[in-house]
Every structure is written in C-alpha cells, then in structure tokens.
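Oh and the sequence shown: position 139 is 1016 in this note's numbering, straight run, nothing missing. Just so it is clear, CB atoms sit at the ideal spot from N, CA and C, and this is done for glycine as well. Worksheet for the structure shown next.
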Amino acid sequence: IKSKHLDNCMPITVLAKLFLHFLLLKFVSSSSSTSSSASMSSLSMSAGGAARERTTRPIVTGTSVLGIKYDGGVMLAADTLASYGTMAKYKDARRLVKVDNTLIGGGGEYSDFQSVVDILQQNALEDKCTSDSLYDETSSNAREIWNYLRAVMYNRRNKMNPLWNDLVIAGFDDKGESFLGWVDKIGTTFEDSIVATGFGSYLAIPLLREKYRSDLNEGEARALLEDCMRVLFYRDCRALNRIQIAKVTPTETLISEPFEIETSWDSASFVQPVADLEGDGGW
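Next up, the structure:
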C-alpha cells in the first residue's frame, strides 16, 4: 500500500518541480528585460540628453594666441586655423572676439571658446538691459572680465567638466591703464606685458622677451607679432599663415580681417640635406 501511495504522488512532485522551474524562468526573464530597458534608457539619455552635453576632450582646436602691450594700447594676434586632430579642417575659424571694449583671444577647443564668448555677450547684453539708462556707457572692463573668466574656468574644473581653453584678455582696467591677462582651463591666471597660448608659449615668448620694450609704438608691436606668427607657421604644424591682428586703445577696439603673412622657405635649415642624406630627410 505504501508503494502505491508513493507512485500516486510522483506525478504531483514532477508537476510541482515544473511549476517552480517555470516561475524561476519567468523571474529571470523579467529581471533581464528590466535591466535591458534601463540600459537602453541610459543609452538614449547619453545619445540625446545632458550626459553628452560636455567636451570630454578637445576635438576641433586652435593653436597660439599672442598678446603684447605697446605705448598706447594692447595688441593680439592669432591665426584662423581650426584643426580636427591632425587635419587642417577649418581655415576661417576666427579666434579674436570683441566684447564691449575688451578683446578676447582663445586657443584650444573651438566649441568651448564659442561657449565662453556666448556667456560674455549674454552678460554684456544683460548689463545694458538692466542699466539705469539706455544711454549709460558703463561696461565691464578687461580686468573684471579676466576675473570673471577665472571664476568660470575654476567652477567648471571643479565640476569635472572644464572648458578646454587658454584665454587671453586685453583692454583697460577701471583706472584707465592697459591690461593683458591670461586664463587657462583650470582657472590659473596671470597678467604680464607679453603673453602667449599653445605652442606660442614655447616659441614666441622668447622672441617677444628679446625684442620687447615698454615704449614700442603700434607699428613695431605689429611687426613683432607678425614675425612671431611667421615663426610659428614654420615650426608649428597646427598653425597657418592666415592671421588676424587686433588692437584696443582708449578710444577704439579693432579686429582686422584675416590676411596672409609673407613666408619664405629659402632658409638654409630648410634647404640643406638632413643627416647628409639626399632630400629633406623625410620618409
């Protein structure tokens, strides 16, 4: 009798095991579908949401910006090349901008520089709209903009979302004295009579220091900047001979249209054989 009862219970045990197995499979499938939907939602957020709205590394970049004080004002120079990696992609990327009576020059990621310019122009418009009079001529001076950009850069650096730029600010302070300052992507700042960003901080600064005088006139300052930009074109593969010159004085702020500087490749170091080999020494 006992064996008959066990035989009768066997189908019930098998059914119970099958039912438990079915429940386990259903639970696993539901959990996997939930995780896959969550991953898909995170992917969709990264594709079109705030997770992608930042520069994780420089993509399209500009190189050197040079600045120099001269007797009566401040002058900046920069080329118009924006490189996509090693490719000279955009040859009319203008990196000298006027905001009120201040000049801003930017090296590094070009889209971040555009973002900085948008912030400054928005602040300038807000100041005009909230001033006591529509005819009020008060505006931010160069030192104020320099300090403001220091705070912006340091704030973005602390959020692990830096603006990948080195900026040059030129103009006059509240005392009417000429001002030339530098800000990098982590909020480091300094001011000097000559500044440079990018490769210019290695090649142009020594040339500027050698020939700089506090009583340089406008023509001498322009010629010195053009000589430095010419050397950068020779030695920096991210530079271009199409440049802009900008100046700020107590009465005006001007940015030139792009123009090409004269270059010559007849130098002996460019012509003579390299390592006693025929040709230019390239592969």
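How about residue i and residue j: are their beta carbons less than 9 Å apart?
i                  : j              : result
asparagine 1042    : glycine 984    : yes
isoleucine 1063    : alanine 1073   : no
glycine 939        : alanine 959    : yes
serine 988         : isoleucine 936 : yes
leucine 980        : alanine 1047   : yes
phenylalanine 1076 : serine 941     : yes
arginine 1125      : glycine 982    : The question names arginine, yet the displayed sequence has valine at residue 1125. Taking 9 Å as the Cβ cut-off, valine 1125 and glycine 982 do not qualify as a contacting pair.
Using 10 angstroms around the beta-carbon of residue i, count the other beta-carbons present and answer buried if the total reaches 16, otherwise exposed.
i               : result
arginine 972    : buried
cysteine 1114   : exposed
alanine 1145    : exposed
methionine 1037 : exposed
cysteine 1006   : exposed
tyrosine 947    : buried
methionine 1030 : buried
methionine 1106 : buried
Only counting the same chain, and skipping five residues up and downstream in sequence, which positions put a Cβ closer than 7 Å to that of residue i?
i               : result
isoleucine 1122 : Met952, Ala954, Arg1099, Leu1102 and Ser1133
asparagine 1118 : Phe1110, Glu1137, Ile1138 and Thr1140
Which residues in the same chain have their Cβ closer than 6 Å to the Cβ of residue i, if we skip the five residues on either side of it in sequence?
i             : result
aspartate 969 : Thr957
valine 994    : Val974
proline 1039  : Arg1033 and Lys1062
Please report the Cβ distance between residue i and residue j, rounded to the nearest whole angstrom; I am assuming they are in contact, meaning their Cβ atoms lie under 8 Å.
i            : j             : result
serine 1162  : aspartate 977 : Here the chain covers residues 878 to 1160 and nothing more, so residue 1162 does not appear.
leucine 1080 : valine 1108   : 6 Å
Could you please give me the residues that DSSP links to residue i through a beta bridge?
i               : result
arginine 1119   : Glu1137
glutamate 986   : Thr938
isoleucine 1132 : Ala1123
alanine 954     : Leu943 and Ile1122
aspartate 1050  : According to DSSP, which records beta bridges pairwise, aspartate 1050 is partnered with nothing at all.
aspartate 1043  : Gly984
glycine 1058    : Ile1046 and Glu1068
Sorry if obvious, but does the Cβ on residue i come closer than 8 Å to a heavy atom of the ligand FAD?
i              : result
glutamate 1129 : Here there are no bound small molecules, and the ligand FAD is not part of this structure.
By Cβ distance below 8 Å, which residues in the same chain neighbour residue i in space, the five residues on each side in sequence not counted?
i           : result
serine 1070 : Ile945, Lys946, Leu1057, Tyr1089 and Ser1091
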